[in-house]
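Novice: Numbering (this note's numbering), first residue to last: 473 to 602.
For each residue, glycine too, the CB sits at the ideal point set by N, CA and C.
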């Protein structure tokens, strides 16, 4: 039997999964040299919501920023650019610490990202991707 608190946590987790499954991009925020940077990114999430995976070329501002300061945040939303967004729209944000993973060492992550975002194939196949 599930307590009221556990039931609420499960409901919230299911809502988050639904958002992550329906959106195809998120905004990644990084910081470098005292400046905030935002990057529109495709992603993949693990089912237990413990990790979000992104892919990038290694020689990019976002990767340099993460190497210098791994604190990041992500934002998802469902806005469509109309006035209903003020009352019917939602946004979800998360923050955490990013790790740079060599794509060659984690073929499972490559496959997960490719299955969710087949447009990433060229990036995921590149030697300089992380």
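#1: Nearest by alpha-carbon distance to residue 486: which of 519, 587 and 511 is it?
#2: Based on the DSSP output, what are the partners of residue 564 in its beta bridges?
#3: Answer yes or no: do residue 516 and residue 585 have a C-beta to C-beta separation smaller than 8 Å?
#4: In its own chain, which residues sit with a C-beta less than 6 Å from the C-beta of residue 581, not counting the 5 before and 5 after it?
#5: Taking the straight line between their C-alpha atoms, what separation do you get for residue 522 and residue 492?
#6: Is residue 497 near residue 508, with beta carbons less than 8 Å apart?
#7: Give me, in chain order, the residues of the same chain whose beta-carbon lies closer than 7 Å to that of residue 568; leave out the 5 immediate sequence neighbours on both sides.
#8: Please report how far the alpha carbon of residue 590 lies from the alpha carbon of residue 597, in whole angstroms.
#9: Which of helix, strand or coil does DSSP assign to residue 514?
#10: According to the Cβ coordinates, are residue 529 and residue 601 closer than 8 Å?
#11: Going by DSSP in three states, residue 593 sits in which element: helix, strand or coil?
#12: Does residue 500 come out as helix, strand or coil in the three-state DSSP assignment?
#13: Would you say residue 566 and residue 592 are within 8 Å of each other, going by their C-beta atoms?
Specialist: According to the structure data:
#1: Of 519, 587 and 511, the smallest CA-CA separation from residue 486 is found for 519.
#2: Under DSSP, residue 564 forms a beta bridge with 548.
#3: In this structure, residue 516 places its C-beta atom within 8 Å of the C-beta atom of residue 585.
#4: Excluding the 5 residues flanking it on each side, residue 581 has same chain C-beta neighbours closer than 6 Å at 525, in chain order.
#5: The straight-line gap separating the alpha-carbon atoms of residue 522 and residue 492 is approximately 13 Å.
#6: No, the Cβ-Cβ distance between residue 497 and residue 508 is not below 8 Å.
#7: Counting only Cβ-Cβ distances below 7 Å, and skipping sequence neighbours, we find 544.
#8: One C-alpha to the other measures close to 11 Å.
#9: It is a strand residue.
#10: Taking 8 Å as the Cβ cut-off, residue 529 and residue 601 qualify as a contacting pair.
#11: Helix, per DSSP.
#12: Residue state, collapsed to three classes: strand.
#13: Judged by beta-carbon spacing, residue 592 lies beyond the 8 Å limit of residue 566, meaning their Cβ atoms are not closer than that value.
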